[in-house]
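Residue numbers (this note's numbering): 61 to 156.
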């Protein structure tokens, strides 16, 4: 079953646009991974220092491979991300 992740990321004050740009580059890279169906970042129109990352993986195994790849991935530039944020995992089962 597909796995949907909704990740909320807080940027350092005034750094939302820079973090969004860095995340966009990461999105292009991750979209090449096997099993990745969506990896997109959205910047809030009301609070530009709040980002949401939507991920969709074909299954839990593909997400596990991605998690291992993240361990070797270069970190985002320092000073862009604030403490906090959250992650919610869902089994992707459309209800409409």
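Cβ atoms here follow ideal geometry from the backbone N, Cα and C, with glycine treated the same way.
Pick out whichever of the options has its Cα sitting closest to the Cα of residue i.
| i | options | result |
| --- | --- | --- |
| residue 65 | 132, 134, 131 and 113 | 113 |
| residue 137 | 75, 145, 101 and 62 | 75 |
| residue 107 | 146, 77 and 147 | 77 |
Taking the C-alpha atoms as reference points, what is the distance between residue i and residue j?
| i | j | result |
| --- | --- | --- |
| residue 99 | residue 73 | 24 Å |
| residue 133 | residue 89 | 10 Å |
| residue 85 | residue 102 | 13 Å |
| residue 157 | residue 120 | This structure leaves residue 157 out entirely; the chain is present only between 61 and 156. |
| residue 127 | residue 118 | 14 Å |
| residue 91 | residue 81 | 16 Å |
Would you please state the rounded distance, in angstroms, between the beta carbons of residue i and residue j? I believe it to be under 8 Å.
| i | j | result |
| --- | --- | --- |
| residue 95 | residue 129 | Contact doesn't hold; Cβ gap of about 11 Å is too wide. |
| residue 79 | residue 140 | 4 Å |
Just to confirm, are residue i and residue j a CB contact at a threshold of 8 Å?
| i | j | result |
| --- | --- | --- |
| residue 151 | residue 67 | no |
| residue 111 | residue 71 | yes |
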